[in-house]
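S.K.: Counting in the UniProt record's numbering, the sequence shown runs from 1 upward without gaps. Beta carbons are placed, not taken as given, at the ideal position from N, Cα and C, and that holds for glycine. If you're wondering where the values come from, they're calculated on a predicted model, not measured in any experiment.
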Amino acid sequence: MDLMMADLKALEAYVSYFYYQSKKWSKPLPEAYDAEEVADYFSHRPHVVALRLLEVFSSFASAAIRIRMAGLKKSLRPGSSKDIDENLSQYNFGMVLKETMLSLGPTFIKVGQSLSTRPDIIGPEISKALSELHDQIPPFPRPLAMKIIEEELDSPIGSFFSYISEEPVAAASFGQVYRGCTLNGSDVAVKVQRPNLRHVVVRDVYILRLGLGLLQKIAKRKSDPRLYADELGKGLVGELDYTLEAANASQFLDAHSHFSFMQVPKVFQHLTRKRALTMEWMAGESSTDLLSITKSSSIKHGSKYLERQKVDAKRRLLDLVNKGVEASLTQLLETGILHADPHPGNLRYTASGRIGFLDFGLLCRMEKKHQFAMLASIVHIVNGDWSSLLQALTEMDVVRPGTNIRRVTMDLEDALGEVELKDGIPDIKFSRVLGKIWSVALKYHFRMPPYYTLVLRSLASLEGLAVAADPSFKTFEAAYPFVVRKLLTENSAETRKILHSVVLNRKKEFRWERLALFMRVGATRKSLQLVEASSGETSLDNLPSRTDGVFDVAYLLLRLLPSKDGVVLRRLIMTADGASLVRAAVSKEAKAFRFQLCKIIADILYQRMVKALGQLVPASQYSYKLRLAGGHQNTELHPSARLSTSSTVYDYQSLLRDRRLKLILSKILNSARKEPALMLRFYWVSFVTFIAASALAFHRLLISLSAAYIGPASFIPKRFAISA
1 MDLMMADLKA LEAYVSYFYY QSKKWSKPLP EAYDAEEVAD YFSHRPHVVA LRLLEVFSSF
61 ASAAIRIRMA GLKKSLRPGS SKDIDENLSQ YNFGMVLKET MLSLGPTFIK VGQSLSTRPD
121 IIGPEISKAL SELHDQIPPF PRPLAMKIIE EELDSPIGSF FSYISEEPVA AASFGQVYRG
181 CTLNGSDVAV KVQRPNLRHV VVRDVYILRL GLGLLQKIAK RKSDPRLYAD ELGKGLVGEL
241 DYTLEAANAS QFLDAHSHFS FMQVPKVFQH LTRKRALTME WMAGESSTDL LSITKSSSIK
301 HGSKYLERQK VDAKRRLLDL VNKGVEASLT QLLETGILHA DPHPGNLRYT ASGRIGFLDF
361 GLLCRMEKKH QFAMLASIVH IVNGDWSSLL QALTEMDVVR PGTNIRRVTM DLEDALGEVE
421 LKDGIPDIKF SRVLGKIWSV ALKYHFRMPP YYTLVLRSLA SLEGLAVAAD PSFKTFEAAY
481 PFVVRKLLTE NSAETRKILH SVVLNRKKEF RWERLALFMR VGATRKSLQL VEASSGETSL
541 DNLPSRTDGV FDVAYLLLRL LPSKDGVVLR RLIMTADGAS LVRAAVSKEA KAFRFQLCKI
601 IADILYQRMV KALGQLVPAS QYSYKLRLAG GHQNTELHPS ARLSTSSTVY DYQSLLRDRR
661 LKLILSKILN SARKEPALML RFYWVSFVTF IAASALAFHR LLISLSAAYI GPASFIPKRF
721 AISA
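1. Please find out if some non-hydrogen atom of the ligand NAP comes closer than 7 angstroms to the beta-carbon of LEU702.
2. Please name the residue, chosen from SER501, ALA32, MET4, that lies closest to residue 755 on a Cα-to-Cα basis.
3. Is the Cβ of GLU326 closer than 8 angstroms to any Cβ of chain D?
4. Does the Cβ of VAL688 have 16 or more other Cβ atoms within 10 Å, making it buried, or fewer, making it exposed?
5. Under a three-way DSSP split, which group does ILE355 fall into?
6. Is SER646 helix, strand or coil when you go by DSSP?
7. Let's see if you can read the secondary structure: which residues bound the beta strand (DSSP E) around GLU280?
8. Among the candidates GLU132, PHE261, LEU133, GLN193, whose CA atom is the shortest distance from the CA of GLU150?
9. Under 6 angstroms Cβ to Cβ from ALA327, same chain only, skipping five residues before and after it: list those, please.
10. Would the beta-carbon of ARG203 fall within 8 angstroms of that of VAL48?
11. With distances taken from CA atoms, which of ALA376, ASN383, PHE252, LEU488 is nearest ALA340?
12. From ALA247 to HIS343, what does the alpha carbon distance come to, in whole angstroms?
13. Between the C-alpha atoms of GLU307 and LEU277, what's the straight-line distance to the nearest angstrom?
14. Note down the Cα distance separating SER461 from ASP565, rounded to an integer number of angstroms.
15. By Cβ distance below 6 angstroms, which residues in the same chain neighbour THR100 in space, the five residues on each side in sequence not counted?
16. Using a Cβ-Cβ cut-off of 6 angstroms (strictly less than) and excluding sequence neighbours within five positions of GLY361, which residues of its own chain qualify?
17. Would you mind reading off the limits of the alpha helix (DSSP H) that contains SER686?
18. Nearest to GLN371 by alpha carbon, out of LYS314, GLU494, SER388?
19. The alpha helix (DSSP H) spanning HIS500 covers which residue range?
20. Exposed or buried, what is PRO143 when buried is set at 16 or more other beta-carbons lying within 10 Å of its beta-carbon?
21. Is it buried or exposed, TRP684, if we count other Cβ atoms within 10 angstroms and call 16 or more buried?
22. If we ignore side chains and look at the alpha-carbon of each, how far apart do ARG485 and LEU560 end up?
23. Compute the Euclidean distance between the alpha carbons of ALA170 and VAL567, then round it to the nearest angstrom.
24. What residue from THR409, CYS598, HIS380 has the CA that sits closest to LEU499's CA?
25. For ASP577, which of helix, strand or coil comes out of DSSP?
26. Kindly indicate the opening and closing residues of the beta strand (DSSP E) around LYS191.
27. Specify the secondary structure class of GLU334 as computed by DSSP and reduced to three states.
28. In whole angstroms, give me the CA-to-CA distance for GLU55 and GLU463.
29. Start and end of the beta strand (DSSP E) containing ARG179?
30. Could you check where the alpha helix (DSSP H) with ILE157 kicks off and where it finishes?
31. Per DSSP, which residues does MET262 bridge with? Please list them.
32. Counting Cβ pairs, one atom from each stretch, are 3 or more of them under 8 angstroms apart for the region 392–410 and the region 435–445?
33. Would you check if the distance between the CB atom of ALA693 and the CB atom of ALA585 is smaller than 8 angstroms?
34. Indicate whether THR182 and PHE259 have their beta-carbon atoms separated by less than 8 angstroms.
35. If you follow the beta strand (DSSP E) that TYR349 is in, where does it begin and where does it stop?
36. Between GLY105 and VAL177, is the Cβ-Cβ spacing less than 8 angstroms?
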């Protein structure tokens, strides 16, 4: 009886065990990615993992054989250029890799697309081959797509759509897009997910995780590389839920709707489910279409129309790139919400000249401290301040604790020290700078936060597009004006700290050349839109970039200082050492500034002279307010060049009445009085400037009086018409 009871208990245990195992076998794949749950799911399905491993191994083995055979054929081919052969070999390798990725399915296609945007890592030729993965993905059958839509909406297609295109307008790694029209006449894009995608993606991520775990044991690394697979898994599985993408798109639209150069499609929430997404149709040209036009044969049979079409396409492409750079920096430094898949296929150039964004499966969100650290890093790269750059990278959690900062700084100086500057901006491709920084990062095992990688990848990708159309394009030149505007107009402790570190040295001595660079870059690229139109003042768009080859810094400074947005500049001057400001003002480098200041003083003296003379100078010969715009127009003394346009005038008298500017000047002079020799030189320079301005004002007054009472003198030689 005891033996029988023991056998019954054992049988009960076996039954319980098999019941438990059967429950595990029937357990569904988790909706959200969790490494432990995924491992538990596939540990009970070893045959699924084994078959996929065999498929992956055979695909890459076949690719390796094809690459090897191509190499043997190349070695047997005599008399070919080594450089051409190398580029061709790299491109063929990329093509084989692209075909392998296509054959292995959505997960590998997604990885290939990410690699295609990193020419700094894989090389330009391989990147060019893999970039075809954005456009050459085969679609799945339409009946299957329509079935998925009906299952998700739980209703026939005709209940919501009056029309859906027969063929998809685009096919991506995770889904494909049809153009449609709702019953109320709205043009929409309907995105449908590929069938059975979740199982395929999670399985491939699990296999990648196993491989990275094996690599950790072989390489005996302290850090766990499986975390990269987990991050990838969370991101890819998140992209499979289109309701999350819809929420991302709405959040991105809310954050960037007030930026007029950006366009984001709105979501039709009632037509959106986990595997079907309906958004507003965005009409526009893709960057690849524009690039193909610019690269096409420009003249066929002597057609000038095709040449004009090519030039116009190049202009639109470069405008798209410039707006793309500004959009990337806006997301990075203003909103902190970044589009996480910024490859060219997700950008559109609309008829209104705006940049449109597509595909919001992933968004990256930044902390405020990381935004300011990123802003500082861009400034320090431009200024070649590598120790400060490392400090900014440390604040971004890029540099690991315990890293030898001095050695890293020396390596950065060796890698980037030879960069040439043009007008104060690095005259070098962004991708090259990125490659050098990346090599140092790999050497010292830097951490690469998602936002950092995304922004660098986005800017490098945009530069690649622009350089294909215009080899002289520089990302730094396009991006730096945005940084300047941020620093000169945002009155926060963080931006002031960055600006002070650039314009002031450790002794708080003013560095005039740095501020002049900031102002020049800001105005030449029209980035300093500072003064509100409601004040009746001229937009800074009217400021010319140069006068006789020298930038009108004085005009811009005097325009900015009394304005609402000049608070940052006023604080900067109050913080700086007064003696250093005076020293900078009387230096040889400030000669152009003093010349511009002389013209402004002459304008003020001329106004007062005319006011004192009263009726002697007719109103038609004088306008009380003179335009503050710099350039040749203001300095011409002939009456035909008078500045009488009421919409573009500036009242100099307001400068003299501004108490804030008087306080700043008083503070500077009080600080400089400690150095008598410097003050003596300052008084002499001021005296010479005032005498020159007085002479200029008297000359202008004489011209006005002669024009009023004697008549305009004409220096144009007389011409006589002799009849036949």
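M.R.: Let's see:
1. With respect to small molecules bound, the structure shown includes none, and the ligand NAP cannot be examined in it.
2. As displayed, the chain neither begins before 1 nor continues past 724, which places residue 755 out of reach and without an answer.
3. No chain D is part of this structure, which consists of one protein chain only.
4. Position 688 of the sequence shown holds residue 688. VAL688 comes out exposed.
5. Residue 355 sits at position 355 when you count from the first residue of the sequence shown. It is a strand residue.
6. The residue you call residue 646 lines up with position 646 of the sequence shown. Note that SER646 scores a pLDDT of 33, beneath 50, so its modelled location is shaky; the value from the coordinates is reported in the next line. If DSSP states are grouped into helix, strand and coil, SER646 belongs with the helices.
7. Counting from one through the sequence shown, the residue named residue 280 turns up at place 280. Per DSSP, GLU280 belongs to the beta strand (DSSP E) from 276–280.
8. Numbered from 1 along the sequence shown, position 150 holds the residue referred to as residue 150. Ranking GLU132, PHE261, LEU133, GLN193 by Cα distance to GLU150 puts GLN193 first.
9. On the sequence shown, residue 327 is found 327 positions in, with the first residue counted as 1. Here the set comprises MET262, ILE355.
10. For this step, residue 203 is matched to residue 203 along the sequence shown. For this step, residue 48 is matched to residue 48 along the sequence shown. Cβ atoms of ARG203 and VAL48: closer than 8 angstroms.
11. Position 340 of the sequence shown, counting from 1, holds the residue named residue 340. If we check each option's Cα against that of ALA340, PHE252 comes out closest.
12. Taking the sequence shown and counting its residues from 1, one reaches residue 247 at position 247. Taking the sequence shown and counting its residues from 1, one reaches residue 343 at position 343. Distance between the alpha carbons of ALA247 and HIS343: 21 angstroms.
13. In the sequence shown, residue 307 corresponds to position 307, counting from 1. In the sequence shown, residue 277 corresponds to position 277, counting from 1. The alpha-carbon atoms of GLU307 and LEU277 are separated by roughly 40 angstroms.
14. Translated into the one-based positions of the sequence shown, residue 461 becomes position 461. Translated into the one-based positions of the sequence shown, residue 565 becomes position 565. One C-alpha to the other measures close to 34 angstroms.
15. Here residue 100 corresponds to residue number 100 of the sequence shown, with the count starting at 1. Only SER59, ALA63 meet the Cβ criterion.
16. Indexing the sequence shown from 1 puts residue 361 at position 361. Cβ within range, chain order: GLU239, GLU245.
17. Start at 1 with the first residue of the sequence shown, and residue 686 comes out as number 686. Its alpha helix (DSSP H) spans residues 676–705.
18. To locate residue 371, count along the sequence shown from 1; it is residue 371. When each option's Cα is compared against that of GLN371, the closest is GLU494.
19. Counted from its first residue, the sequence shown places residue 500 at position 500. Run containing HIS500: 493–503, per the alpha helix (DSSP H) assignment.
20. Counting from 1 along the sequence shown, the entry for residue 143 is found at position 143. When all chains shown are included, PRO143 counts as exposed.
21. One-based indexing of the sequence shown puts residue 684 at position 684. With fewer than 16 Cβ atoms within 10 Å of its Cβ, TRP684 is classed as exposed.
22. In the sequence shown, counting from the first residue as 1, residue 485 sits at position 485. In the sequence shown, counting from the first residue as 1, residue 560 sits at position 560. Rounded to whole angstroms, ARG485 to LEU560 spans 12 angstroms at the Cα level.
23. Within the sequence shown, the letter at position 170 stands for residue 170. Within the sequence shown, the letter at position 567 stands for residue 567. One C-alpha to the other measures close to 50 angstroms.
24. The residue labelled residue 499 in the question sits at position 499 within the sequence shown. Of THR409, CYS598, HIS380, the residue nearest in Cα terms is HIS380.
25. Indexing the sequence shown from 1 puts residue 577 at position 577. Coil.
26. Position 191 of the sequence shown, counted from the start, is the residue given in the question as residue 191. Unbroken beta strand (DSSP E) run through LYS191: 187–193.
27. Counted from its first residue, the sequence shown places residue 334 at position 334. Three-state result, GLU334: helix.
28. Here residue 55 refers to the residue found at position 55 of the sequence shown. Here residue 463 refers to the residue found at position 463 of the sequence shown. Between GLU55 and GLU463, the C-alpha separation is close to 37 angstroms.
29. Position 179 of the sequence shown, counted from the start, is the residue given in the question as residue 179. Element bounds for ARG179: 175–182.
30. Taking the first residue of the sequence shown as position 1, residue 157 is located at position 157. It is not in any alpha helix (DSSP H) - ILE157 carries neither H nor E in the DSSP assignment.
31. Locating residue 262 in the sequence shown gives position 262, counting from the first residue. Paired residue(s): ILE355.
32. yes
33. Locating residue 693 in the sequence shown gives position 693, where the first residue counts as 1. Locating residue 585 in the sequence shown gives position 585, where the first residue counts as 1. Going by C-beta atoms, ALA693 is not nearer than 8 angstroms to ALA585.
34. For the purposes of this step, residue 182 is taken as residue 182 along the sequence shown, with counting starting at 1. For the purposes of this step, residue 259 is taken as residue 259 along the sequence shown, with counting starting at 1. Going by C-beta atoms, THR182 is not nearer than 8 angstroms to PHE259.
35. Numbered from its first residue, the sequence shown carries residue 349 at position 349. For TYR349, the enclosing beta strand (DSSP E) covers residues 347–349.
36. Within the sequence shown, numbered from 1, the residue matching residue 105 stands at position 105. Within the sequence shown, numbered from 1, the residue matching residue 177 stands at position 177. For GLY105 and VAL177, no; Cβs fall outside 8 angstroms.
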